[in-house]
Every structure is written in structure tokens, then in C-alpha cells.
Ligand SMILES: [Fe+2]
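Residue numbers (my numbering): 1 to 364.
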């Protein structure tokens with residue numbers, strides 16, 4: 001199928017293909033755009049064109065674009081400026097950019113790559129090189145799209161589990177939020193905060209393997225039923241393990257029912273053997289379970305909830321430092337400005353949104 005050419009700034013009204021890769025060519029010179037279009041016409045691409053950066057921006061805002069080809073030198077917004085703008089926006093940051101230039105020089109290449117361009121080609125362009133590079137970039141984009149899709153499915157599944165488990169609405173979101181907040185107070189690096197955020201949603205995904213008759217049973221579980229219920233951390237780890245991007249969340253999923261004194265499951269880990277992220281999430285989970293209404297109980301006040309958590313600390317079940325840190329974080333004036341690690345809720349909101357913006361499920 002030949003390349004489809006769409007006039008500058010316009011969208012083909014007859015186009016009904018969602019599988020054809022869409023390439024946006026941004027160049028002020030008609031001749032340059034025509035040249036590129038000619039090089040790509042033998043490929044099954046849908047081609048959009050823009051003369052100016054703002055035209056390209058509005059096209060990207062309303063179209064699913066899989067690759068952008070642009071010139072380093074543009075009137076108004078330069079190529080690197082355009083790249084930076086695109087890569088700073090969570091909705092467009094994963095669109096690969098091929099930057100072209102007629103100016104030789106390492107500095108230009110460095111500036112282009114530093115601004116977020118994924119590949120760089122120097123003119124004069126060789127048609128075969130352009131086509132090969134474009135195909136390789138589109139393959140990578142397709143792989144990223146499919147990864148995002150797989151992650152989105154997992155997160156949707158996790159939320160279905162939340163509803164099935166009769167938790168109150170928003171339990172996973174609050175858990176992610178509490179986990180990130182406490183992680184930030186502890187000064188954890190961004191990767192661990194991200195794992196806490198994802199873990200808030202995914203930690204109980206293994207309950208998909210627990211039958212309703214056990215999950216919703218009124219009264220005590222039999223020993224056999226407990227074996228099934230206690231398998232959910234390992235099942236959850238198995239479900240998420242194939243996704244390399246979730247590697248940081250696996251310890252949290254596996255160990256969120258371990259106990260400080262070694263009396264938990266599935267591995268009977270004790271104290272600091274239990275991954276920190278799992279200990280953080282566990283405290284957030286208990287706090288949320290206590291402070292929200294469940295089918296079997298009213299909501300506790302925060303004071304009562306911390307009373308329960310502190311009692312569990314005295315029994316040796318929970319990490320005393322983490323309970324104290326979470327209590328300080330949740331109290332209105334706890335720590336306050338005297339504590340260098342303290343971040344107020346407004347700051348946490350900004351940070352949480354920033355982290356959430358990298359989550360497939362949070363995308364609009
Ligand atoms: Fe669980």
C-alpha cells in the first residue's frame with residue numbers, strides 16, 4: 001500500500017485505519033516534505049505534514065502519531081525546543097522523534113539527542129537509510145504500545161479484584177497514595193516510590209485465583225481454605241513476573257503479608273528481611289482497612305486506627321519505626337516544618353500526580 005499524503009495541518013476524513021503507522025513530517029520547506037514523502041511512499045504509512053511547530057502540536061494533540069520526522073532548524077520553535085516540549089508531556093513523551101539536519105557537527109547531534117530526539121540523520125538523505133531507520137523506530141514504538149497495553153490490562157484486572165473483594169471504592173488509589181507518601185517521608189528513591197504506587201494497585205492481584213466461596217465466606221475459613229487464601233501473594237507474583245517493567249513491584253506483592261515477628265506468609269520472613277516496600281504497603285493497607293467502612297464494620301477514627309497499629313507493634317507484628325513515621329505523617333502537625341523529611345500534603349499531591357502520570361491506567 002502506498003503512503004497516504006494528507007495536506008498540511010489536515011486529517012484525512014476518509015481514513016479509517018488504526019493499524020497503519022502514522023508519521024508526521026514537520027518541515028517548513030515544501031520540497032523537503034515532498035522529498036521525504038517520496039522516500040516513504042513504498043511503505044504502508046499514513047503521512048501527516050506540518051510546516052510549523054504549532055501545527056505539529058495541534059496534529060499530535062488530536063491524532064495518534066507513531067513517529068515524528070523533523071528538521072533541526074525551524075523558524076520559531078527550534079527542533080530541539082520542539083523535542084523538549086513533546087518529551088515533557090506525558091501524553092506525547094513516548095512518540096519517537098527522528099531529527100534531520102544539513103549541518104554537520106557533533107554539537108548539533110548532541111543537542112538534538114539531549115533534547116529528546118531518538119535518532120539523528122544528516123543530509124543528504126539516502127532513501128534506503130531513511131526507510132530502514134523509520135521501520136526500526138516504528139518497531140520499537142509498536143513494542144512499547146503493546147507493553148503499555150499489557151500493563152493497562154493488568155491494572156484493570158487489579159481494580160476488578162478490588163471490587164470483587166468488596167473493598168470500599170478507591171482502596172487501591174488510597175493505598176498507592178499512602179505508600180508513596182510514607183516512602184517520600186522515608187526519603188526513598190523515585191524507583192521505589194513508583195513500585196509503591198504500582199504495588200498499591202497490584203498487591204492483591206493474586207486474589208483472582210481465590211474462589212468467591214472462600215473470598216466472601218462468612219465465618220471462619222477451614223485450614224484448606226486458608227491455604228488457598230494464603231497463596232494469593234505467590235499467585236500475584238506469578239501473574240506480574242513476565243512483565244519486566246513490574247520487576248520492582250514483585251517483592252512487595254510477594255511479601256505484603258509477612259509479619260515483623262516472622263509469623264506471616266508466604267515465606268515467614270522477619271523484621272528487615274521483609275522488603276521495605278512490603279512493610280510500607282502493609283501499614284498503609286491496615287490503616288485504610290481500619291479507617292474505611294467495610295461490610296462487617298464501621299470506619300475507625302485515625303486515632304483509633306493508630307491505637308490498633310500500635311497495639312500490633314507491641315505484639316511484635318509491625319515495624320515500629322514505620323508505624324511511628326506514618327502516624328507522624330498523618331497527624332496534622334506531626335513533624336511539621338521542623339522535620340527536614342516532612343513534605344506537606346500539597347507537595348505530596350504534586351509528587352503523586354507526577355508519579356501517577358507514568359502509569360498506563362492514569363492516562364487519559
Ligand atoms: Fe493481600
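Heads up, the beta-carbon is just placed ideally off N, CA and C, and yes, glycines get one too. Please read these numbers as outputs of a predicted model, since none were measured by experiment.
(Q) Taking a contact to mean a Cβ-Cβ separation below 7 Å, would you say residue 196 touches residue 102 in this structure? (A) Taking the first residue of the chain shown as position 1, residue 196 is located at position 196. Taking the first residue of the chain shown as position 1, residue 102 is located at position 102. It is not a contact, given that the beta carbons lie outside the stated cut-off.
Q | alpha helix (DSSP H) segment containing residue 34, residue limits | A | Residue numbering aside, residue 34 sits at position 34 when the chain shown is read from its first letter. Unbroken alpha helix (DSSP H) run through residue 34: 30-40.
Q) ligand 1 heavy atoms versus the CB of residue 298: any closer than 6 Å? A) Here the question's residue 298 lines up with position 298 in the chain shown. For residue 298, the CB stays at least 6 Å from every heavy atom of ligand 1.
(Q) Rounded to whole angstroms, what is the Cα-Cα separation between residue 186 and residue 324? (A) Locating residue 186 in the chain shown gives position 186, counting from the first residue. Locating residue 324 in the chain shown gives position 324, counting from the first residue. Per the coordinates, the alpha-carbon of residue 186 lies some 12 Å from the alpha-carbon of residue 324.
Q: Could you tell me which residues DSSP pairs with residue 67 in its beta bridges?
A: Position 67 of the chain shown, counted from the start, is the residue given in the question as residue 67. Looking at the DSSP assignment, residue 67 forms a beta bridge with 23.
Q. Do residue 205 and residue 239 have their C-beta atoms within less than 7 Å of each other?
A. By 1-based counting over the chain shown, the position of residue 205 is 205. By 1-based counting over the chain shown, the position of residue 239 is 239. Cβ atoms of residue 205 and residue 239: closer than 7 Å.
Q: Please work out which residues of its chain come closer than 6 Å, Cβ to Cβ, to residue 284, disregarding the five sequence neighbours upstream and downstream, and give them in chain order.
A: Along the chain shown, read from residue 1 onward, the residue named residue 284 stands at position 284. Hits under 6 Å: 175, 178 and 179.
Q: May I ask you to check if the CB of residue 212 is nearer than 6 Å to at least one heavy atom of ligand 1?
A: Against the chain shown, residue 212 aligns to sequence position 212. Because no heavy atom of ligand 1 lies under 6 Å away, the Cβ of residue 212 does not count as near it: no.
Q: Take residue 118 and list the residues in its own chain whose beta-carbon comes closer than 6 Å to its own, dropping the five residues that flank it on each side.
A: Numbered from its first residue, the chain shown carries residue 118 at position 118. Excluding sequence neighbours, residue 118 sits near 96 and 97.
Q: Look up residue 45 in the DSSP assignment and give the residues it is bridged to.
A: For this step, residue 45 is matched to residue 45 along the chain shown. As DSSP reads the structure, residue 45 sits in no beta bridge.
Q: Mark residue 76 as exposed unless 16 or more other C-beta atoms lie within 10 angstroms of its C-beta, in which case mark it buried.
A: On the chain shown, position 76 is the one that residue 76 refers to. Exposed, because fewer than 16 other Cβ atoms sit within 10 Å of the Cβ of residue 76.
Q | beta-carbon residue 204 near ligand 1 non-hydrogen atom, thresh 6 Å | A | Along the chain shown, one-based indexing puts residue 204 at 204. Residue 204: yes, Cβ under 6 Å from ligand 1.
**Q.** Bridge partners - residue 120, DSSP secondary structure assignment
**A.** Numbered from 1 along the chain shown, position 120 holds the residue referred to as residue 120. Beta-bridge pairing links residue 120 to 99.
Q) Among 78, 247, 111 and 65, which has the Cα closest to the Cα of residue 93? A) As a working mapping, residue 93 is identified with position 93 in the chain shown. Out of 78, 247, 111 and 65, 65 has the C-alpha closest to the C-alpha of residue 93.
(Q) Contact defined as beta carbons within less than 8 Å: I believe residue 84 pairs with residue 116. What is the distance between those atoms, to the nearest angstrom? (A) Stepping through the chain shown from its first residue, residue 84 is reached at position 84. Stepping through the chain shown from its first residue, residue 116 is reached at position 116. Cβ-Cβ separation between residue 84 and residue 116: approximately 6 Å, consistent with a contact (criterion under 8 Å).
Q) Pick from 52, 61, 63 and 20: whose alpha carbon is nearest that of residue 373? A) Within the shown structure, residues of the chain are numbered from 1 to 364, placing residue 373 beyond reach of any answer.
Q | Same chain, Cβ closer than 8 Å to residue 229, five either side skipped, listed in chain order | A | Taking the first residue of the chain shown as position 1, residue 229 is located at position 229. Sequence-distant partners of residue 229 (beyond 5 residues in either direction) whose C-beta falls short of 8 Å from its own C-beta, in its chain, are 210, 214, 215 and 221.
Q: Compute the beta-carbon to beta-carbon distance between residue 151 and residue 245, rounded to the nearest angstrom, for a pair I have assumed lies under 8 Å.
A: For this step, residue 151 is matched to residue 151 along the chain shown. For this step, residue 245 is matched to residue 245 along the chain shown. Between residue 245 and residue 151 the Cβ distance is about 7 Å, and since that is below 8 Å, they are a contact.
Q) How long is the line joining the alpha carbons of residue 55 and residue 69, rounded to whole angstroms? A) One-based indexing of the chain shown puts residue 55 at position 55. One-based indexing of the chain shown puts residue 69 at position 69. Taking the straight line joining both Cα atoms gives about 14 Å.
(Q) Once DSSP output is grouped into helix, strand and coil, what is the label at residue 294? (A) Here residue 294 corresponds to residue number 294 of the chain shown, with the count starting at 1. In this structure, residue 294 counts as strand in the three-state DSSP scheme.
**Q.** Rounded distance between the beta-carbons of residue 291 and residue 305, thought under 8 Å
**A.** Residue 305 sits at position 305 when you count from the first residue of the chain shown. Residue 291 sits at position 291 when you count from the first residue of the chain shown. Right, their Cβ atoms sit about 5 Å apart.
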